[in-house]
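Undergrad: Going by full-length UniProt numbering, the sequence shown opens with residue 1, and the numbers climb by one from there.
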Amino acid sequence: MSKRTIGMWMYSNSGGAKIEEKIVSKLKERDIEVITGLDLRFARGSKDGITCNATNVLDLDLFFSYNAGEQTVAQVYMYETINKYIPTINSYEAFALSEDKFKTNLALHYAGINTSDFFLCHRETPEYMVEKFKEWEKLVFKPVDGWGGNGMTLLESRQSLDTLMPSLNKSDMRHIYLEKFIENDFTDFRIDIVDGEFVSCYGRKASDREWRTNITSGGSIMLREANDEIVDIAKKATKALGMDIAGVDILYDKKEEKYVVLEVNGIPAFATPEQEKMGLDFNDKKIDLLVNLIDRKTKQKLGLKKW
1 MSKRTIGMWM YSNSGGAKIE EKIVSKLKER DIEVITGLDL RFARGSKDGI TCNATNVLDL
61 DLFFSYNAGE QTVAQVYMYE TINKYIPTIN SYEAFALSED KFKTNLALHY AGINTSDFFL
121 CHRETPEYMV EKFKEWEKLV FKPVDGWGGN GMTLLESRQS LDTLMPSLNK SDMRHIYLEK
181 FIENDFTDFR IDIVDGEFVS CYGRKASDRE WRTNITSGGS IMLREANDEI VDIAKKATKA
241 LGMDIAGVDI LYDKKEEKYV VLEVNGIPAF ATPEQEKMGL DFNDKKIDLL VNLIDRKTKQ
301 KLGLKKW
């Protein structure tokens, strides 16, 4: 079999550098070389290909992108282009779908997966937002492509709605995206899935002054056990979006008495060293499943080359 080489761009903080070392080591055991540090923000393109750090990325057998914190528009542009010529994890199509909350929820709904009620309209028709507020009484405004809780606003009074309106008029966003507020206990489940397999379950809890469970919004990690129902939901959500790797956030709707998918993250973090000390011990399993995934996809690519 021909020598296989992949490219990788991995986050380095919060233990990411050590995770990268383990992935590289396990891939080398399978005779797969890894070129690390391929930040596509600095890539250059021409008729000869796409070059990053003296590597023609289009000559690689696969590109693995796993760095949400340093993601840029330029990097995503190159990611989309590269995916037309070599396999990527996740595929660009799945990545882009998971980045858009409206498109994600629409895909989940049509796959028969519970989500909150959601609504999207053009920013020039804010009267629809007023109508939805009257209907739902309590709702959440979200940027369609935001992450980590950034830009989210809880609208539970007409005053909060009136306060939001002027900022929308000054913004450059194209759409207004809304979700009906889910009555919950301010905790969630994060289910990690890799290559269709369950990896781990843990929870996040909002701080006393917040309603959001996101860590960047002051939430904290908590240990919690998965059950068959939420694992099945997470696997179905991952499949519905065509993702190789996903972190599926699930809430329990107290009013409707059912589990609801809140969000699907295409770059779910590994456990940090601090989180490992508190009992989150899924990193090795996640690495093994990822290595198996890369091994299989690169073999498939070489098989296509033979034809």
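C-beta atoms are modelled at their ideal positions from N, C-alpha and C, and glycine is treated no differently.
Which of the three DSSP states, helix, strand or coil, is assigned to Ala-74?
TA: Against the sequence shown, residue 74 aligns to sequence position 74. Assignment of Ala-74 by DSSP, reduced to helix, strand and coil, places it in the helix class.
Undergrad: If you compare alpha carbons, which of Tyr-79, Lys-297, His-109 and Ile-221 is closest to Glu-274?
TA: Against the sequence shown, residue 274 aligns to sequence position 274. The candidate whose alpha carbon is nearest that of Glu-274 is Ile-221.
Undergrad: I need the straight-line Cα distance from Lys-47 to Pro-87, nearest angstrom please.
TA: Taking the sequence shown and counting its residues from 1, the one referred to as residue 47 is at position 47. Taking the sequence shown and counting its residues from 1, the one referred to as residue 87 is at position 87. Each residue's alpha carbon lies about 20 angstroms from the other.
Undergrad: Quick check on DSSP: helix, strand or coil for Ile-86?
TA: As a first step, residue 86 must be located in the sequence shown, where it is residue number 86. Reduced to three states, the DSSP call for Ile-86 is coil.
Undergrad: Taking the Cβ atom as the reference point for each residue, do Thr-213 and Arg-224 lie within a distance shorter than 8 angstroms?
TA: Your numbering for residue 213 matches position 213 in the sequence shown. Your numbering for residue 224 matches position 224 in the sequence shown. Remark: C-beta atoms of Thr-213 and Arg-224 do not approach each other more closely than 8 angstroms.
Undergrad: Val-248: buried (16+ other C-beta within 10 angstroms of its C-beta) or exposed?
TA: Numbered from its first residue, the sequence shown carries residue 248 at position 248. Val-248 is buried by the Cβ-count criterion.
Undergrad: Look at the Cβ atom of Ala-234, then the Cβ atom of Ile-215, and state whether they are nearer than 8 angstroms.
TA: Residue mapping note: residue 234 aligns to position 234 of the sequence shown, counting from 1. Residue mapping note: residue 215 aligns to position 215 of the sequence shown, counting from 1. No, the pair does not count as a contact, with Cβ atoms beyond the cut-off.
Undergrad: Measure the C-alpha to C-alpha separation of Asp-284 and Leu-262 and round it to an integer number of angstroms.
TA: For the purposes of this step, residue 284 is taken as residue 284 along the sequence shown, with counting starting at 1. For the purposes of this step, residue 262 is taken as residue 262 along the sequence shown, with counting starting at 1. Answer to the nearest angstrom: the Cα atoms are 27 angstroms apart.
Undergrad: Measuring only the C-alpha atoms, how far is Asp-195 from Ser-91?
TA: Residue numbering aside, residue 195 sits at position 195 when the sequence shown is read from its first letter. Residue numbering aside, residue 91 sits at position 91 when the sequence shown is read from its first letter. Going from the Cα of Asp-195 to the Cα of Ser-91 covers about 12 angstroms.
Undergrad: By DSSP, does Met-10 sit in helix, in strand, or in coil?
TA: In the sequence shown, counting from the first residue as 1, residue 10 sits at position 10. DSSP places Met-10 in strand when its eight states are reduced to three.
Undergrad: Assuming contact is defined by CB atoms lying nearer than 8 angstroms, are Phe-282 and Val-199 in contact in what I supplied?
TA: As a first step, residue 282 must be located in the sequence shown, where it is residue number 282. As a first step, residue 199 must be located in the sequence shown, where it is residue number 199. Yes; because the gap between Cβ atoms is below 8 angstroms, this pair is in contact.
Undergrad: For Asp-39, which option in Ala-269, Ile-82 and Val-264 has the closest C-alpha, if you only look at C-alpha atoms?
TA: As a first step, residue 39 must be located in the sequence shown, where it is residue number 39. The shortest C-alpha separation from Asp-39 is found at Ile-82.
Undergrad: Can you give me the start and stop residues for the beta strand (DSSP E) that Met-222 sits inside?
TA: In the sequence shown, counting from the first residue as 1, residue 222 sits at position 222. From DSSP, the beta strand (DSSP E) with Met-222 extends over 220-222.
Undergrad: Would Asp-61 pass as a contact of Thr-298 if the rule is Cβ separation under 8 angstroms?
TA: Locating residue 61 in the sequence shown gives position 61, where the first residue counts as 1. Locating residue 298 in the sequence shown gives position 298, where the first residue counts as 1. Yes, they are a contact pair.
Undergrad: Given Ala-43, which residues of its chain have a CB within under 6 angstroms of its CB, disregarding the five upstream and five downstream residues?
TA: Numbered from 1 along the sequence shown, position 43 holds the residue referred to as residue 43. Ile-50, Cys-52 and Met-78, listed in sequence order.
Undergrad: Where do the ends of the alpha helix (DSSP H) carrying Ser-65 lie?
TA: As a first step, residue 65 must be located in the sequence shown, where it is residue number 65. Looking at the DSSP string, Ser-65 is not in any alpha helix (DSSP H); the run it does join, the beta strand (DSSP E), is 62-66.
Undergrad: Where does Ser-116 land, buried or exposed, given buried means 16+ other C-beta within 10 angstroms?
TA: Mapped onto the sequence shown, residue 116 falls at position 116. Classification of Ser-116: buried, given that the 10 Å Cβ count is 16 or more.
Undergrad: For Thr-125, does the three-state DSSP call read helix, strand or coil?
TA: Residue numbering aside, residue 125 sits at position 125 when the sequence shown is read from its first letter. Three-state DSSP puts Thr-125 in coil, outside helix and strand.
Undergrad: Using the three-state DSSP reduction, which class does Gly-45 fall into: helix, strand or coil?
TA: Counting from 1 along the sequence shown, the entry for residue 45 is found at position 45. Of the three classes helix, strand and coil, the one that applies to Gly-45 here is strand, per DSSP.
Undergrad: How would you write the range of the beta strand (DSSP E) that Asp-232 sits in, first residue to last?
TA: Your numbering for residue 232 matches position 232 in the sequence shown. First-last for Asp-232: 228-240, but that is the alpha helix (DSSP H), not the beta strand (DSSP E).
Undergrad: What's the gap between the Cα of Lys-306 and the Cα of Phe-63?
TA: Translated into the one-based positions of the sequence shown, residue 306 becomes position 306. Translated into the one-based positions of the sequence shown, residue 63 becomes position 63. Any reading at Lys-306 must be qualified, since the residue scores a pLDDT of 43, below 50, and its modelled position is unreliable; no value is offered.
Undergrad: Report the residue from Ile-113, Leu-155, Thr-238 and Leu-108 whose alpha carbon sits nearest the alpha carbon of Glu-131.
TA: Your numbering for residue 131 matches position 131 in the sequence shown. Per the Cα distances, Leu-155.
Undergrad: Please check the pair Ala-94 and Gly-242, which I expect to be a contact at CB under 8 angstroms, by giving their CB distance rounded to whole angstroms.
TA: As a position in the sequence shown, residue 94 is number 94, starting the count at 1. As a position in the sequence shown, residue 242 is number 242, starting the count at 1. That pair is a contact at about 4 angstroms.
Undergrad: Please report the residue range of the alpha helix (DSSP H) in which Ser-98 lies.
TA: Start at 1 with the first residue of the sequence shown, and residue 98 comes out as number 98. Ser-98 -> alpha helix (DSSP H) spans 92-99.
Undergrad: Excluding sequence positions up to five away, which residues of its chain have a Cβ less than 6 angstroms from the Cβ of Arg-4?
TA: Taking the sequence shown and counting its residues from 1, one reaches residue 4 at position 4. Ile-32, Asp-61 and Thr-298.
Undergrad: The alpha helix (DSSP H) that contains Val-24, what's its start and end?
TA: Numbered from 1 along the sequence shown, position 24 holds the residue referred to as residue 24. Run containing Val-24: 16-29, per the alpha helix (DSSP H) assignment.
Undergrad: Tell me whether the beta-carbon of Ile-294 lies closer than 8 angstroms to the beta-carbon of Ile-89.
TA: On the sequence shown, residue 294 is found 294 positions in, with the first residue counted as 1. On the sequence shown, residue 89 is found 89 positions in, with the first residue counted as 1. Yes. Within cutoff.
Undergrad: Within 10 Å of its beta-carbon, does Lys-134 have 16 or more other beta-carbons around it, so buried, or fewer, so exposed?
TA: Taking the first residue of the sequence shown as 1, we reach residue 134 at position 134. Lys-134 is exposed by the Cβ-count criterion.
Undergrad: Closest to Asp-244 by CA distance: which of Asp-253, Ala-206 and Val-291 is it?
TA: Against the sequence shown, residue 244 aligns to sequence position 244. Minimum Cα distance to Asp-244 is reached at Val-291.
Undergrad: Quick one: grab the DSSP three-state call for Phe-186.
TA: Here residue 186 corresponds to residue number 186 of the sequence shown, with the count starting at 1. Note: Phe-186 maps to coil in three-state DSSP.
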